[in-house]
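J.: A single structure is presented below for examination.
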Amino acid sequence: MPFTRKHILGTQEMDAAEISYILDVTESFVEVSTREIKRVPTLRGKTVINLFYEPSTRTRTSFEIAGKRLSADVINVSASASSVVKGESLKDTAMTLAAMAVDVIVIRHPASGAPHFLARHVPSSVINGGDGTHEHPTQALLDLYTIRQRKGTLAGLRVSIIGDIAHSRVARSNIFAMRTMGMDVRVCGPASLLPLEVESLGVRVGTDLDAAIGDADIIMVLRLQLERQETGLIPSLREYSQLYGLTLKRLEQAKPDVLIMHPGPINRGVEISPEVAEGPYSLILDQVANGVALRMALLYLLAGGPGPE
Amino acid sequence: MPFTRKHILGTQEMDAAEISYILDVTESFVEVSTREIKRVPTLRGKTVINLFYEPSTRTRTSFEIAGKRLSADVINVSASASSVVKGESLKDTAMTLAAMAVDVIVIRHPASGAPHFLARHVPSSVINGGDGTHEHPTQALLDLYTIRQRKGTLAGLRVSIIGDIAHSRVARSNIFAMRTMGMDVRVCGPASLLPLEVESLGVRVGTDLDAAIGDADIIMVLRLQLERQETGLIPSLREYSQLYGLTLKRLEQAKPDVLIMHPGPINRGVEISPEVAEGPYSLILDQVANGVALRMALLYLLAGGPGPE
Amino acid sequence: MPFTRKHILGTQEMDAAEISYILDVTESFVEVSTREIKRVPTLRGKTVINLFYEPSTRTRTSFEIAGKRLSADVINVSASASSVVKGESLKDTAMTLAAMAVDVIVIRHPASGAPHFLARHVPSSVINGGDGTHEHPTQALLDLYTIRQRKGTLAGLRVSIIGDIAHSRVARSNIFAMRTMGMDVRVCGPASLLPLEVESLGVRVGTDLDAAIGDADIIMVLRLQLERQETGLIPSLREYSQLYGLTLKRLEQAKPDVLIMHPGPINRGVEISPEVAEGPYSLILDQVANGVALRMALLYLLAGGPGPE
Numbered sequence: 001m002p003f004t005r006k007h008i009l010g011t012q013e014m015d016a017a018e019i020s021y022i023l024d025v026t027e028s029f030v031e032v033s034t035r036e037i038k039r040v041p042t043l044r045g046k047t048v049i050n051l052f053y054e055p056s057t058r059t060r061t062s063f064e065i066a067g068k069r070l071s072a073d074v075i076n077v078s079a080s081a082s083s084v085v086k087g088e089s090l091k092d093t094a095m096t097l098a099a100m101a102v103d104v105i106v107i108r109h110p111a112s113g114a115p116h117f118l119a120r121h122v123p124s125s126v127i128n129g130g131d132g133t134h135e136h137p138t139q140a141l142l143d144l145y146t147i148r149q150r151k152g153t154l155a156g157l158r159v160s161i162i163g164d165i166a167h168s169r170v171a172r173s174n175i176f177a178m179r180t181m182g183m184d185v186r187v188c189g190p191a192s193l194l195p196l197e198v199e200s201l202g203v204r205v206g207t208d209l210d211a212a213i214g215d216a217d218i219i220m221v222l223r224l225q226l227e228r229q230e231t232g233l234i235p236s237l238r239e240y241s242q243l244y245g246l247t248l249k250r251l252e253q254a255k256p257d258v259l260i261m262h263p264g265p266i267n268r269g270v271e272i273s274p275e276v277a278e279g280p281y282s283l284i285l286d287q288v289a290n291g292v293a294l295r296m297a298l299l300y301l302l303a304g305g306p307g308p309e
Numbered sequence: 001m002p003f004t005r006k007h008i009l010g011t012q013e014m015d016a017a018e019i020s021y022i023l024d025v026t027e028s029f030v031e032v033s034t035r036e037i038k039r040v041p042t043l044r045g046k047t048v049i050n051l052f053y054e055p056s057t058r059t060r061t062s063f064e065i066a067g068k069r070l071s072a073d074v075i076n077v078s079a080s081a082s083s084v085v086k087g088e089s090l091k092d093t094a095m096t097l098a099a100m101a102v103d104v105i106v107i108r109h110p111a112s113g114a115p116h117f118l119a120r121h122v123p124s125s126v127i128n129g130g131d132g133t134h135e136h137p138t139q140a141l142l143d144l145y146t147i148r149q150r151k152g153t154l155a156g157l158r159v160s161i162i163g164d165i166a167h168s169r170v171a172r173s174n175i176f177a178m179r180t181m182g183m184d185v186r187v188c189g190p191a192s193l194l195p196l197e198v199e200s201l202g203v204r205v206g207t208d209l210d211a212a213i214g215d216a217d218i219i220m221v222l223r224l225q226l227e228r229q230e231t232g233l234i235p236s237l238r239e240y241s242q243l244y245g246l247t248l249k250r251l252e253q254a255k256p257d258v259l260i261m262h263p264g265p266i267n268r269g270v271e272i273s274p275e276v277a278e279g280p281y282s283l284i285l286d287q288v289a290n291g292v293a294l295r296m297a298l299l300y301l302l303a304g305g306p307g308p309e
Numbered sequence: 001m002p003f004t005r006k007h008i009l010g011t012q013e014m015d016a017a018e019i020s021y022i023l024d025v026t027e028s029f030v031e032v033s034t035r036e037i038k039r040v041p042t043l044r045g046k047t048v049i050n051l052f053y054e055p056s057t058r059t060r061t062s063f064e065i066a067g068k069r070l071s072a073d074v075i076n077v078s079a080s081a082s083s084v085v086k087g088e089s090l091k092d093t094a095m096t097l098a099a100m101a102v103d104v105i106v107i108r109h110p111a112s113g114a115p116h117f118l119a120r121h122v123p124s125s126v127i128n129g130g131d132g133t134h135e136h137p138t139q140a141l142l143d144l145y146t147i148r149q150r151k152g153t154l155a156g157l158r159v160s161i162i163g164d165i166a167h168s169r170v171a172r173s174n175i176f177a178m179r180t181m182g183m184d185v186r187v188c189g190p191a192s193l194l195p196l197e198v199e200s201l202g203v204r205v206g207t208d209l210d211a212a213i214g215d216a217d218i219i220m221v222l223r224l225q226l227e228r229q230e231t232g233l234i235p236s237l238r239e240y241s242q243l244y245g246l247t248l249k250r251l252e253q254a255k256p257d258v259l260i261m262h263p264g265p266i267n268r269g270v271e272i273s274p275e276v277a278e279g280p281y282s283l284i285l286d287q288v289a290n291g292v293a294l295r296m297a298l299l300y301l302l303a304g305g306p307g308p309e
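These protein sequence lines map, in sequence, to chains A, B and C.
As numbered in my numbering, residues 1 to 309 make up the first sequence, in order.
As numbered in my numbering, residues 1 to 309 make up the second sequence, in order.
As numbered in my numbering, residues 1 to 309 make up the third sequence, in order.
What follows is the structure, encoded as structure tokens:
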């Protein structure tokens, strides 16, 4: 399949063939990180910029490692260390960086749509590393890869996504991609954290955790933004944890081969108990490991060059 | 021409032959950034430190990309992330870094003269990445390269530099270099932002923007530091913009082939209108692109090794 | 000697044979930084993470340069730029980073024992880059290398360590390693900055600087944390400096071939005078230069691969 997409902005615009192809390419990069010498010359002489307007360890580091294992030159630009403090517009920052002959700009930004805006104004390829409450496509794609790696397939699997659906770009990107791949998606959380229009995305909706656990092949727990408490969207962390925290006790009702996922970073003892996060059915560290491979695949697909040898 | 200079501290000390030579070497590096594989082995095994005491996206990134495309090891040290918070003196920080067998230190510092101080105390080569209100030689050299690239020559061209001349290291470095190259320089801005002794630099001075626009081959607009308003040096941004902002209307009086430059980051709608900044006569993104090549040239000239292949 | 240690957590657990071997390996890497091309392919395709929870120029830069000269991919993660702000636990941060197939994690952390905790939970090798008031083993090892380089031997040498012994991880790691290597160690400082149990470490203790200077082959001056004054542990910087600051006058009583060391960054005029810090008997910059080589040696020993060619 020839890959002709120039930017990775969201999973909403991807069809099943494209998603499958990206996961297939990811497969070949998973192996690279298990080698004695974890480096291929694929993107030698290419320049990748990580333009992060929000702090992030895991996503920025994952992209940086992915780029370096492909031999690209990777440059980090963070809002706090940049002339953004001087009030330069996003557009000017991006056009300036692109003018330095940059091949790929990975952007994380608190404003929904920022990567799409960028993609219209720069000649570089743009990867959305998370924009506002909109999309986080690389997270969803690595999640799908991780599920497929374990289950062998995607279509027909039942997924329950638990938590703050309304504000989660991870949930949105996963819902789009999972529906496209023929998965059965249920979302579950307190009513105050469920978006009004969510049924229109083709998912089942509920507020009862036990029901969401009962028939799920995969339970995806979302991080609770602790600020939600201050804004009154949840009564207290304690109550949230009692109603929606995933514990061993709660898991007793789950399928014996249920798989647990979380995009991280986890709030131990809030939305997930340590025993569950580190249990044998937990894919949390697989998600992290596969994230590097998925990002290598995307950088390779966008910036060209030969594949892994 | 054998290049024997050890440091790049300012354009004031450079003669025309040296500037011409640097621009010639830049020429050969411009091509590298247009290649499929934008990387040459010129500085393999050399170490470059970006020591930035002021935040900067573009200059730091430009040097980092330049170093990496030359295959150098580039290390960023920023004041906020460094033990500078522990109160270590500039001299000790620099001597420490240099003791790690560093070939080139690029320094940006709010104190005029800091790079010169450094150059007296460390064995490494030092490049001034901007010091206080004193000099920003790499900006001026990339500006000259950009003009020469478009006009084919420098001598005899008329340049008007508009804005806060008094506090601009970009203006100072450009005035020195342009006068040395036989260009006719005029500076223009509100009287409160014109330095007292500026005629002694061999430039014409005025406060009337229309006069400065009229016969210019190149109009270089400076960034207005928004803090100037608070210190009372300008009455208001609005008034500044009305009197000295470069707009399409204002440009009607300019030569038909006038070229517009700005060192960035721009304040859209303050010193320059978006239409002018993005117009066909604007060289702003050329300046950025050439900045990488000029810095590659300087790193190559200082740290030796073979040229681009 | 086969090197079987997986982590470098402290000098307390090392015996004389191991320390000697590390210093021998360091010897071969000292030469690399003097080459025209300061880069060997030893760790190509290996990933090193600098995980710094405290700001640091010199240690972070030293590890970064060491890793890059070995051709490793080096990733910096600092607390301020990371999701640590989101409250992620150290364990989860480390497990996440390790899941990205990271070979070595260098950690600096304000909590004593943090590197040991990490080493129990991640598959990567861990190097302690300084933990609380506990250990800073790479500093002690580079100090020993520097002494051995100058004196040819370690056993029997007399060392006086001056300053805030109670809170110094540098002092602790040096005391362990120096005692193991058969050196005669004396510590000296105001009573409020001497730990209660220090004699049990096999060192002599005193509060009189002149006595500590008199028969020392090496005087190691510690950095005074300026916060000590606020907490009442010293009456004033001025008084501290008069009683414990190492000056040329004070040095008149020292052996003619005494050597002066300081881990940096120095407080000029507080614990050491500029004349002493920059005098001919000062090893301060040798310590910095050897630090890169020592860290190259440790990264090589932990992450395998062929040695320097």
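Quick reminder that beta carbons are idealized off the backbone N, C-alpha and C, glycines included.
This one's a predicted model, so the numbers in the text were calculated from it and none came from an experiment.
1. Are the C-beta atoms of residue 220 of chain C and some chain A residue less than 7 angstroms apart?
2. Kindly indicate which three-state DSSP category residue 146 of chain C falls into: helix, strand or coil?
3. Please list, in chain order, the residues of the segment 282-302 of chain B that have any C-beta partner in chain A closer than 7 angstroms.
4. I need the straight-line Cα distance from residue 4 of chain A to residue 169 of chain B, nearest angstrom please.
5. Locate the beta strand (DSSP E) running through residue 47 of chain B, then write down its first and last residues.
6. Can you tell me which of the three DSSP states residue 116 of chain B falls into?
7. Starting from residue 214 of chain C, find everything on chain A with Cβ-Cβ shorter than 8 angstroms and list it in chain order.
8. If you run the structure through DSSP and keep just helix, strand and coil, what is residue 267 of chain C?
9. In chain order, which alpha helix (DSSP H) runs of at least 4 residues are fully inside the segment 131-213 of chain A?
10. Count Cβ pairs between the segment 90-100 of chain B and the segment 58-71 of chain B that sit closer than 8 angstroms; are there 3 or more?
11. Taking all protein chains shown into account, decide if residue 263 of chain C is buried (16 or more other Cβ within 10 angstroms of its Cβ) or exposed.
12. Restricting to runs no shorter than 3 residues, where is the beta strand (DSSP E) found entirely within the segment 1-55 of chain B?
13. Should the segment 101-111 of chain B be called in touch with the segment 121-136 of chain B, which here means at least 3 C-beta pairs below 8 angstroms?
14. Got a sec: which bits of the segment 64-78 of chain C sit with their beta carbon under 7 angstroms from any beta carbon on chain A, in order along the chain?
15. Measure from the alpha carbon of residue 52 of chain C to the alpha carbon of each residue in C:93, C:20, C:41, then state which is nearest.
16. With the cut-off set at 7 angstroms, would you say residue 217 of chain B and residue 158 of chain B are in Cβ contact?
17. By the criterion of Cβ-Cβ separation under 8 angstroms, what are the contact partners of residue 268 of chain B in chain A?
18. Would you grab the beta carbon distance between residue 173 of chain C and residue 11 of chain C for me? Rounded to a whole angstrom, and I think it's under 8 angstroms.
19. Closest to residue 266 of chain A by CA distance: which of A:27, A:47, A:285, A:300 is it?
20. Buried or exposed: which applies to residue 271 of chain A, given that a residue is buried once 16 or more other Cβ atoms fall within 10 Å of its Cβ?
21. Which two residues bound the contiguous beta strand (DSSP E) that contains residue 259 of chain A?
22. Please state the DSSP three-state secondary structure of residue 223 of chain A.
23. Looking at the strands, I want to know which residues DSSP matches up with residue 73 of chain C.
24. Whose C-alpha, out of A:195, A:178, A:114, A:120, is nearest the C-alpha of residue 139 of chain A?
25. Taking the C-alpha atoms as reference points, what is the distance between residue 279 of chain B and residue 151 of chain B?
26. Using the beta-carbon of each residue, which ones in chain B are nearer than 8 angstroms to residue 44 of chain A?
27. Quick check on residue 249 of chain A: buried or exposed, where buried means 16 or more other Cβ atoms within 10 Å of its Cβ?
28. Under a three-way DSSP split, which group does residue 67 of chain B fall into?
29. If residue 166 of chain B and residue 219 of chain B are in contact, beta carbons under 8 angstroms, what's the gap, nearest whole angstrom?
30. Can you tell which of A:281, A:36, A:239, A:234 has its C-alpha closest to the C-alpha of residue 257 of chain A?
31. Less than 8 angstroms between the CB atoms is what I'm expecting for residue 164 of chain A and residue 222 of chain A, so what's the real figure, rounded?
32. Quick check: is the beta carbon of residue 101 of chain A nearer than 7 angstroms to any beta carbon in chain B?
33. Answer yes if the segment 25-39 of chain B comes into contact with the segment 291-301 of chain B, meaning at least three C-beta pairs across the two stretches below 8 angstroms, and no otherwise.
34. Can you list the residues of chain C that residue 96 of chain B reaches, using a CB-CB cut of under 8 angstroms?
35. Determine the direct distance from the alpha carbon of residue 225 of chain B to that of residue 242 of chain B, and round the result to whole angstroms.
36. Nearest chain C C-beta to residue 247 of chain A closer than 7 angstroms, yes or no?
T.: Considering the structure as presented:
1. Not one chain A Cβ lies under 7 angstroms of residue 220 of chain C.
2. In the displayed model, residue 146 of chain C falls within a helix according to three-state DSSP.
3. Those would be 285, 288, 289, 292, in chain order.
4. Residue 4 of chain A and residue 169 of chain B have their C-alpha atoms spaced approximately 45 angstroms apart.
5. Run containing residue 47 of chain B: 47-52, per the beta strand (DSSP E) assignment.
6. If DSSP states are grouped into helix, strand and coil, residue 116 of chain B belongs with the helices.
7. Neighbours of residue 214 of chain C on chain A: none; closest Cβ ~49 angstroms, over 8 angstroms.
8. In the structure shown, residue 267 of chain C sits in coil (DSSP, three-state: anything other than H, G, I, E or B).
9. Counting only runs of 4 or more, we get 137-151, 169-180.
10. Cβ pair count under 8 angstroms is below three, so no.
11. Burial state of residue 263 of chain C is buried, judged by a 10 Å Cβ sphere holding 16 or more other Cβ atoms.
12. At a cut-off of 3 residues, the continuous stretches assigned as beta strand (DSSP E) that sit fully inside the segment 1-55 of chain B are 47-52.
13. Below 8 angstroms, enough C-beta pairs join the segment 101-111 of chain B and the segment 121-136 of chain B to call them touching: three or more.
14. Those would be 73, 75, 77, in chain order.
15. Nearest C-alpha to residue 52 of chain C: C:93.
16. Yes, Cβ-Cβ distance for residue 217 of chain B and residue 158 of chain B is below 7 angstroms.
17. Here the neighbours are 89, 92.
18. Correct: roughly 5 angstroms between the Cβ atoms.
19. Checked all of A:27, A:47, A:285, A:300; the closest Cα to residue 266 of chain A is A:285.
20. With 16 or more other Cβ atoms within 10 Å, it is buried.
21. Residues 259-261.
22. Three-state result, residue 223 of chain A: coil.
23. In DSSP, residue 73 of chain C forms a bridge with C:47.
24. Distances from the CA of residue 139 of chain A to each of A:195, A:178, A:114, A:120 were compared; the closest alpha carbon is that of A:178.
25. In this model, residue 279 of chain B and residue 151 of chain B are separated by some 18 angstroms (Cα to Cα).
26. Within chain B, the residues near residue 44 of chain A are 37, 39.
27. Classification of residue 249 of chain A: exposed, given that the 10 Å Cβ count is below 16.
28. Three-state result, residue 67 of chain B: helix.
29. Not confirmed; about 19 angstroms, so no contact.
30. Answer by Cα proximity: A:281.
31. About 6 angstroms separates the beta carbons of residue 164 of chain A and residue 222 of chain A, which is inside the 8 angstroms limit, making them a contact pair.
32. At least one C-beta of chain B is nearer than 7 angstroms to the C-beta of residue 101 of chain A.
33. Three or more pairs of CB atoms, one per stretch, sit closer than 8 angstroms, so the segment 291-301 of chain B contacts the segment 25-39 of chain B.
34. Chain C residues near residue 96 of chain B: 57, 58, 264, 265, 285, 288.
35. Whole-angstrom Cα-Cα distance: 16 angstroms.
36. Chain C contact via Cβ: absent.
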